[in-house]
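Per my numbering, the sequence shown runs over residues 44 to 260.
Take a look at the structure below.
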Amino acid sequence: MATKNVETIEIKPINIVKTKIRIVGDTPLIMHAWSEKAKREILDKQMKKTKTTSREAKNPVEDFIRSMYWLTPMPTQMNEAGFEKAIEEGARFGFPVTAIKQAAISAAYRMGWSKDKMSLRGVFFIDGDENQMVEVHSDTPIMREDMVKVGMGTADIRFRGEFRNWYADLTISYNANGQYSIEQIVNIINAGGYVCGLGEWRPEKDGQNGMFHVEAA
């Protein structure tokens, strides 16, 4: 009777470890979240709905309020009084963890630390809330006014939230048995703050806002 060859397979365990770091802003962070109004306008255009009303007048304060990622309820009154009341009641703001991770991955690729971006996607993850947000701590946000180009070179004025003296505490998870050490991962995130940055007018988009560094432990 022939003897069957038995192959032994070693399964290397995935050793998930979590560590906390803090990123500290070096330049102001400018947020530009997609508002429900903007989403609705895009959807209406894609569904080819007929416009029956003229374009609404711009409300700078409302645009400013809706430009930020609110962790607490957004004001029901879209005016200065409504915003100030929200701040007095302890308004909290966040930022997408995916944006922080993408900045790090893009920086590692640009600096030649990785042959591609794809291979870094599963190297580490950043914990977020149910909406994949991490809280941003800062001075009270201020309204920023910028001239921008949209569409076929058309100029427009945008009102967005600017966060100064900001920082965020991140919980990083990674495979301790993986190819990258936590030291390498932290350096990748640190490079993301200088090479790419976060938000509008960041280095990756021809600006110098949203730059940050990892605070030394």
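Virtual Cβ for every residue (Gly too), placed ideally from N, Cα, C.
- Residues bridged to Phe-136 by DSSP? Trp-113 and Val-179
- Which residue from Glu-173, Gln-251 and Val-67 puts its Cα closest to that of Glu-141? The amino acid occupying residue 141 in the given sequence is Thr; Glu does not appear at that position. Considering only alpha carbons, the answer is Glu-173.
- Query: Which parts of the region 154-239 are runs of the beta strand (DSSP E), unbroken and 3 residues or longer, counting only runs that do not cross its ends?
  - Reply: 167-169, 176-179, 185-193, 197-206 and 210-218
- Query: Going straight from the alpha carbon of Lys-63 to that of Asn-230, what length do you get?
  - Reply: 14 Å
- Query: Between the C-alpha atoms of Ala-147 and Trp-156, what's the straight-line distance to the nearest angstrom?
  - Reply: 11 Å
- Check Gly-250 in the structure and name its three-state DSSP category. coil
- Which of helix, strand or coil DSSP assigns to Ile-148: helix
- Straight-line CA distance for Tyr-217 to Met-186? 37 Å
- Task: On a CA-only basis, which of Ile-66, Asp-249 and His-256 is nearest Val-191? Give me that one, please.
- Result: Asp-249
- Work out the CA separation of Tyr-152 and Val-16 for me, nearest whole Å. Beyond the ends of the chain as shown, which are 44 and 260, falls residue 16; an answer cannot be given.
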